[in-house]
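Our numbering numbers the first residue of the sequence shown as 85 and each following residue consecutively.
The beta-carbon is built from N, C-alpha and C at its ideal position, and this holds for glycine as well.
In this text the structure is predicted, and so the values were computed from the model without any measurement.
Here the structure is laid out as structure tokens; the discussion comes afterwards.
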Amino acid sequence: MSDQVHIVEVGPRDGLQNEKTAVDAGARIAFIKALVAAGLHTVEVGAFVSPKAIPQMVNSDQVLGGLGGVGGEFHVLVPNEKGYDAAIAAGAKVVAVFASASEGFSRANINCSVAESIERFKPVIARARADAVKVRGYVSCVLGCPFDGEVKPQAVVDVAQVLWDLGCYEISLGDTIGVGTPLKARRLLRAVAGSVPMARLAMHFHDTYGQALANLYAGMEEGARVIDSAAGGLGGCPYAPGATGNVATEDVVYMLEGEGVATGVEMSKLVAATNEMGKLIGRAPVSRVAAAINAKRS
Ligand code: HMG
Ligand code: MG
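Okay, here's the thing in structure tokens:
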């Protein structure tokens, strides 16, 4: 358990894309800078997707542009070559493609089948390799789908394998609607690790049913060491009523530090960044740790 754990902060993208109140590019840049200053050096900062689909992510080019000189690795989502063109023009060095393990979510999210989405990603990944741009691969709905219900581990293995073989450096397994349990997370990681090295798997767990920390702990026991989380537990899922955001970064950091895993994250700075964002979106952080620290302070 005491090995290094890599946290990928996804609040500025996965979190803010699902908040009702859109946040302008300047405030997103300030948020990202505050997160980096708190010690989170890998941050997903935006998405080059249809503005009709996700209006919260407009001006992601300005966000990337505003991070010049900031020492971090900044990721952006791209669903197709149009998004890739825009990301590269804005200076992206790491892009993420996102497929689904279930057909229903693929249709709703990116308006195509899983197989069609892979065909769209092929030229994106090929061009990225030629441009020396790193590509991360997401698989969504790995522990359940809001449309199709149960998702078999083999469906996840198949998509993860394809993305890995195409050249993604890391595969992030998304429990998009947060329905997983530790046993399911453990079985899934074991299954996917037969195709993709465990060290290259990220756990991207939403916290709808309050299981995300337990799921992460089970995954760590299996050897997984990359965790996606969102400051304050920002976000939700537009296709799953009541779904909450990613596991909160504060909660993950608190658990890891308590396990003797040094994260390099300064909690007070992280909570301050979360609080500033909370003022802009008009709600208190979902993070239990942030809430506890705020309560203690007041
Ligand atoms: P479509 O309607 O099938 O695409 O959408 P299209 O090619 O027919 O184009 C329709 C319009 O979108 C056109 O504009 C295109 O130019 C434009 P119009 O002529 O109507 O004015 N368009 C674009 N605009 C900006 N950037 C682009 C782009 N591509 C086309 N890249 C599409 C297909 C994929 C574009 C759309 O469905 C889309 O953008 N979806 C994105 C959805 C999204 O971002 N979802 C959230 C991220 S996934 C997630 O959160 C899960 C994750 O966190 C993991 C987990 O939790 O499991 C990653
Ligand atoms: Mg997500």
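Legend entry - Three-state secondary structure assigned by DSSP to G260: Here residue 260 refers to the residue found at position 176 of the sequence shown. In the sequence under discussion, the amino acid at residue 260 is Thr, which differs from the Gly named in the question. Reduced to three states, the DSSP call for T260 is coil.
Legend entry - Whole beta strand (DSSP E) elements within the segment 267-329, 3-residue minimum: Taking only runs of at least 3 residues, the beta strand (DSSP E) segments lying wholly in the segment 267-329 are 285-289, 310-313.
Inset, instruction - Pick helix, strand or coil for S224, following the three-state DSSP scheme. - result: Locating residue 224 in the sequence shown gives position 140, where the first residue counts as 1. Strand.
Legend entry - Endpoints, beta strand (DSSP E) assigned at I91: Stepping through the sequence shown from its first residue, residue 91 is reached at position 7. Looking at the DSSP string, the run of the beta strand (DSSP E) that includes I91 is 90-93.
Legend entry - Contact under 9 Å by Cβ, I202 with V246: Reading the sequence shown from its first residue, position 118 is the one you call residue 202. Reading the sequence shown from its first residue, position 162 is the one you call residue 246. With respect to V246, I202 sits close: the two C-beta atoms are nearer than 9 Å.
Inset, instruction - Spatial neighbours of P266 within its chain, please: CB distance less than 8 Å, with the 5 preceding and 5 following residues excluded, ordered by chain position. - result: The count along the sequence shown starts at 1 and reaches residue 266 at position 182. The residues are Q295, A298, N299, Y301, A302.
Inset, instruction - Please say whether G264 and L227 have beta carbons closer to each other than 9 Å? - result: For the purposes of this step, residue 227 is identified with residue 143 of the sequence shown, where counting begins at 1. For the purposes of this step, residue 264 is identified with residue 180 of the sequence shown, where counting begins at 1. Going by beta carbons, L227 and G264 fall inside the 9 Å limit.
Legend entry - Collapsed DSSP secondary structure at A386 in the structure displayed: Nothing in the structure corresponds to residue 386, since the chain is present only between 85 and 382.
Legend entry - For E254, the residue or residues it bridges with in DSSP: The residue you call residue 254 lines up with position 170 of the sequence shown. BP columns for E254 point to R220.
Inset, instruction - For my contact list, V179 and A171 are in at a C-beta cut-off of 8 Å; report their separation, rounded to the angstrom. - result: Taking the sequence shown and counting its residues from 1, one reaches residue 179 at position 95. Taking the sequence shown and counting its residues from 1, one reaches residue 171 at position 87. About 5 Å separates the two Cβ atoms, so the contact holds.
Inset, instruction - Check whether the Cβ atoms of Q140 and E93 sit closer than 9 Å, and answer yes or no. - result: Within the sequence shown, numbered from 1, the residue matching residue 140 stands at position 56. Within the sequence shown, numbered from 1, the residue matching residue 93 stands at position 9. No. Outside cutoff.
Inset, instruction - Measure the C-alpha to C-alpha separation of G362 and H290 and round it to an integer number of angstroms. - result: For the purposes of this step, residue 362 is identified with residue 278 of the sequence shown, where counting begins at 1. For the purposes of this step, residue 290 is identified with residue 206 of the sequence shown, where counting begins at 1. Looking at the two C-alpha atoms, the distance is approximately 19 Å.
Legend entry - Pick from E305, I261, R309 that is closest to R271, judged by C-alpha positions: Within the sequence shown, the letter at position 187 stands for residue 271. Nearest C-alpha to R271: E305.
Legend entry - Any alpha helix (DSSP H) of 4 or more consecutive residues that is wholly inside the segment 100-131: Complete alpha helix (DSSP H) runs here, min 4: 109-121.
Inset, instruction - For T358, I'd like the list of residues in its chain whose CB is within less than 6 Å of its CB, leaving aside the five on either flank, ordered along the chain. - result: For this step, residue 358 is matched to residue 274 along the sequence shown. Sequence-distant partners of T358 (beyond 5 residues in either direction) whose C-beta falls short of 6 Å from its own C-beta, in its chain, are A315, G316, P369, A374.
Inset, instruction - Would you mind working out which of L285, I91, A109, A118 sits nearest K353, comparing C-alpha positions? - result: Residue 353 sits at position 269 when you count from the first residue of the sequence shown. Nearest option by C-alpha distance: A118.
Legend entry - Exposure label - G258; buried when at least 16 CB within 10 Å: If you number the sequence shown from 1, residue 258 lands on position 174. Buried: at least 16 other Cβ atoms inside 10 Å.
Legend entry - Nearest neighbour of A185, chosen from V129, V154, I255, D108 [CA to CA]: Your numbering for residue 185 matches position 101 in the sequence shown. Answer by Cα proximity: I255.
Inset, instruction - Since I believe V276 is in contact with V310 (beta carbons under 8 Å), could you give me their beta-carbon distance rounded to a whole number of angstroms? - result: Within the sequence shown, residue 310 is the residue found at index 226, counting from 1. Within the sequence shown, residue 276 is the residue found at index 192, counting from 1. About 13 Å; that fails the 8 Å criterion.
Legend entry - Backbone CA spacing between G344 and S382 [nearest angstrom]: For the purposes of this step, residue 344 is identified with residue 260 of the sequence shown, where counting begins at 1. For the purposes of this step, residue 382 is identified with residue 298 of the sequence shown, where counting begins at 1. Near 28 Å, if we compare the C-alpha coordinates of S382 and G344.
Inset, instruction - Can you tell me which of the three DSSP states L161 falls into? - result: Mapped onto the sequence shown, residue 161 falls at position 77. Under the three-state reduction of DSSP output, L161 falls in the strand class.
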